[in-house]
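Residue numbers (the UniProt record's numbering): 1 to 141.
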């Protein structure tokens, strides 16, 4: 006697038990795109997340997914640095990390050298503000 026909079970219980004995299909969802890398994000954290999710994708899609998540100027720099669709993922990530470092160093230098003393700013305050600017920028590298 099947569970669905057992006496003493309500109709709902029999229906539920009968339904649970039937094979069920498993839903498989496609992985979401990698989150876009934004200017104010920590690159190392973004890269860690991206590399964690990459095994969910076929090998031929991994580099394009990484490149697609980049800002346009970083994408152009990555392609200019020789990253192609068939590049090794680790090589791609190393190249991107170096491009980010170069960009941040350039930003630091520009911000530092273009920071002029304001007319009403004392010399000590100007020096302290330059030091703070340097510390903030270096902590982000």
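For glycine and all other residues, C-beta sits at the position ideal for the given N, C-alpha and C.
**Request:** Take the Cβ of residue 27 as the centre, count every other Cβ of all protein chains shown within 10 Å, and call the residue buried at 16 or more, exposed below.
**Result:** With a pLDDT of 47 at residue 27, under the threshold of 50, the modelled position of that residue is not reliable, and the figure given next carries that caveat. Exposed, because fewer than 16 other Cβ atoms sit within 10 Å of the Cβ of residue 27.
**Item:** Backbone CA spacing between residue 132 and residue 100 [nearest angstrom]
**Value:** 21 Å
**Asked** If you check the beta carbons only, do residue 53 and residue 74 fall under 9 Å apart?
**Response** no
**Asked** Buried or exposed: which applies to residue 116, given that a residue is buried once 16 or more other Cβ atoms fall within 10 Å of its Cβ?
**Response** exposed
**Asked** Thinking C-beta only, is residue 79 closer than 9 Å to residue 51?
**Response** no
**Message:** By the three-class DSSP mapping on this structure, what secondary structure does residue 72 have?
**Reply:** helix
**Asked** When you compare only the Cα positions, how much space is there between residue 123 and residue 71?
**Response** 39 Å
**Message:** Buried or exposed, going by whether 16 or more other CB atoms sit within 10 Å of the CB of residue 77?
**Reply:** buried
**Prompt:** Thinking just about the alpha-carbon of each residue, which of 106, 67 and 36 is nearest to the one in residue 86?
**Reply:** 67
**Asked** Roughly how many angstroms lie between the CA atoms of residue 44 and residue 84, to the nearest whole one?
**Response** 21 Å
**Message:** Assuming residue 95 and residue 81 are in contact, meaning their beta carbons sit under 8 Å apart, how far apart are those beta carbons, in whole angstroms?
**Reply:** 5 Å
**Asked** Around the Cβ of residue 60, are there at least 16 other Cβ atoms within 10 angstroms (buried) or fewer (exposed)?
**Response** exposed
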